[in-house]
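Working notes, beginning with the structure itself.
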Amino acid sequence: MVTRPVLAGFGVAQPAGLVRQAEVWDRYFAGHFDGSAGARRLFLSTGVSTRYAVANPVVEDVSGWSTGERMRRYAAEAPPLGRSAVSDALAAAELAPDDVGLLAVASCTGYTTPGLDVTLAAELGMPSDTQRLCIGHMGCYAALPGLGTVADFVACRRRPAVLVCVELPSLHIQPASREVPQLVAHALFGDAAAAVALRPGDRITPTAGRVPAVLDLVAHTDPATGDLMTWEITDHGFRMGLSPRVPDVLAGHVADTVGKLLARYGLTPSDVSGWAVHPGGPRILDVVESELGLPAEALRVSRATLRDHGNCSSATVLMVLATLLRQGTVAAGDYVVAMAFGPGLTLYAALLRG
Numbered sequence: 010m011v012t013r014p015v016l017a018g019f020g021v022a023q024p025a026g027l028v029r030q031a032e033v034w035d036r037y038f039a040g041h042f043d044g045s046a047g048a049r050r051l052f053l054s055t056g057v058s059t060r061y062a063v064a065n066p067v068v069e070d071v072s073g074w075s076t077g078e079r080m081r082r083y084a085a086e087a088p089p090l091g092r093s094a095v096s097d098a099l100a101a102a103e104l105a106p107d108d109v110g111l112l113a114v115a116s117c118t119g120y121t122t123p124g125l126d127v128t129l130a131a132e133l134g135m136p137s138d139t140q141r142l143c144i145g146h147m148g149c150y151a152a153l154p155g156l157g158t159v160a161d162f163v164a165c166r167r168r169p170a171v172l173v174c175v176e177l178p179s180l181h182i183q184p185a186s187r188e189v190p191q192l193v194a195h196a197l198f199g200d201a202a203a204a205v206a207l208r209p210g211d212r213i214t215p216t217a218g219r220v221p222a223v224l225d226l227v228a229h230t231d232p233a234t235g236d237l238m239t240w241e242i243t244d245h246g247f248r249m250g251l252s253p254r255v256p257d258v259l260a261g262h263v264a265d266t267v268g269k270l271l272a273r274y275g276l277t278p279s280d281v282s283g284w285a286v287h288p289g290g291p292r293i294l295d296v297v298e299s300e301l302g303l304p305a306e307a308l309r310v311s312r313a314t315l316r317d318h319g320n321c322s323s324a325t326v327l328m329v330l331a332t333l334l335r336q337g338t339v340a341a342g343d344y345v346v347a348m349a350f351g352p353g354l355t356l357y358a359a360l361l362r363g
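Letter by letter, the sequence shown follows residues 10 to 363 of this note's numbering.
As structure tokens, then:
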């Protein structure tokens, strides 16, 4: 009998700096657009009310910083957030650091060598022979291929593994620009770290409660539309390219990609009890809801996460999934789909079962 890896514990950490959407427009970004009423409406229409940042532009303007200055700040700020998220995930999974066979770290907002994986493993007290993996450049969907990798490790090696996503997009605010894609990017993103600990399903203690098993993953990349979402390394940090066509392109792939994943198990969207969809923006959530024929309530957690935390890049889908499972609405035997999108254009989806 094959025992599936299970998501045994989650941890989420965010900076102390609270960014209020209307305030950050009035006190900072309005200056980029000369107080334009149209730009303000667009900035406030992204579905974000609050988010968290290590560099709140109302308090600290990093837009003129060099990439080197930003990376030094990343090296200082990322480890404490990642360490907190992993510690909480391990505690929830009833694991100690030396139980972990693999630590996988995903991030697209900063780079250091030795990497964040080395720093976190040492600070958490993991043994020197703990295997490590760094996942970069994938952007907002990185958590799901990362989840697939650590799940495969658990299944093959029969040892626990941890995935942590650490993203600090606030360090990449660009110099003043009137470009609409930059306005949207600066309106959407927040900072966070999110971790999940996986264990072999047959090693869960009775006190751990119900935890979902990882069944399968699917991916679809449309390289012909790769220029619609980019993350360019410049002399002033990382600059996002974000086309308004992204939701329309994803609309052409969501139903088919998710349908293929579900069909492997004889399922349709109506058989899925929980949806953890990366809230890349309100239009993307509208597309998923429409293309899959979901009731409005299905994406409530995704919309609430966007409202309260913004788009935290790769950490976001784990944040949505953690909240969805914590609410206790996923019962024994229920199916859950986690879905995320990013550069490529790429769509990833995972099928879980409670």
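Glycine included, every Cβ here is placed at the ideal spot set by N, Cα and C.
With 16 or more other Cβ atoms inside 10 Å of its own Cβ, Y150 counts as buried.
Per DSSP, the unbroken alpha helix (DSSP H) holding H195 starts and ends at V189 to L197. For secondary structure counted as the alpha helix (DSSP H) over 4 or more consecutive residues, the region 227 to 311 holds these complete runs in sequence order: 255 to 260, 263 to 272 and 291 to 301. By DSSP's assignment, P14 forms a beta bridge with P209. Distance check between L142 and each of G110, S323, Q23 and A164 places G110 closest, using alpha-carbon atoms only.
Annotation: R60 to R29 spans about 7 Å, alpha carbon to alpha carbon. Listed as beta-bridge partners of D35 by DSSP are no residues whatsoever. Pairing A62 with L330, the inter-Cα distance amounts to about 21 Å. Counting other Cβ atoms within 10 Å of its Cβ, C174 reaches 16 or more and is therefore classed as buried. A distance below 7 Å between beta-carbons, with the five flanking residues on each side excluded, links V33 to the following residues of its chain, in chain order: P66 and V67. Every beta strand (DSSP E) of 3 residues or more that sits fully in the region 35 to 89 is shown, in chain order, as 59 to 61.
Separation of W284 and D107 (C-alpha to C-alpha, rounded to the nearest whole angstrom) is 33 Å. Closest in alpha carbon position to M238, among A228, R316 and P253, is P253. In the DSSP assignment, C321 forms no beta bridge with any residue. If you check the CB distance, V193 and T355 do not come in under 8 Å. Between L226 and G157 a beta carbon distance of about 4 Å is seen, short of the 8 Å cut, so the two are scored as contacting. Around the Cβ of H181, a 10 Å sphere holds 16 or more other Cβ atoms; the residue is buried. A324 and G44 have their C-alpha atoms some 32 Å from each other.
The DSSP-derived three-state label of V127 is helix. A contact is defined here as three or more CB-CB pairs under 8 Å, and the region 75 to 95 meets this definition with respect to the region 159 to 176.
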